[in-house]
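Below is one structure, written out as structure tokens; the observations come after it.
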Amino acid sequence: MTEEEYREFQSRIANGEEFNFLYKEKEYWISHGQNGESFLSTSSGRHHYYQKFDDTEELFEEGTIEGIKLSDIYPELKWR
Numbered sequence: 002m003t004e005e006e007y008r009e010f011q012s013r014i015a016n017g018e019e020f021n022f023l024y025k026e027k028e029y030w031i032s033h034g035q036n037g038e039s040f041l042s043t044s045s046g047r048h049h050y051y052q053k054f055d056d057t058e059e060l061f062e063e064g065t066i067e068g069i070k071l072s073d074i075y076p077e078l079k080w081r
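So for the sequence shown, this note's numbering puts the first residue at 2; every next one is plus one.
Have a look at this one:
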């Protein structure tokens, strides 16, 4: 994902859209709850893992994959 695509990705998510994306061939998704919270999720077999954030701003500031912030790995994300 380019820097421009990442900014568009952030903007569209902030506007309420939900997306699936890949990181190292593993699927992740971002979704939203009814109270404005955001989730960064993945599954492994029968197990579902997620991180919950108060809003999209917190998601992009604190969300991590494999302990690395999204903002540090966006070039490796493949937007679906």
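Heads up, the beta-carbon is just placed ideally off N, CA and C, and yes, glycines get one too.
Judged by beta-carbon spacing, Tyr24 lies within the 8 Å limit of Glu77, meaning their Cβ atoms are closer than that value. By the Cβ neighbour-count rule, Thr65 is exposed, with fewer than 16 other Cβ atoms within 10 Å of its own. Glu5 and Ile74 have their C-alpha atoms some 14 Å from each other.
Burial is judged here by how many other beta carbons sit within 10 angstroms of a residue's own beta carbon; Thr3 has fewer than 16 and is exposed. CA-CA distance, Ala15 to Arg47, rounds to 29 Å. Collapsing the DSSP output to three states places Gln35 in coil. Considering only Ser39, His33 and Thr57, the residue with the shortest C-alpha distance to Arg8 is Thr57.
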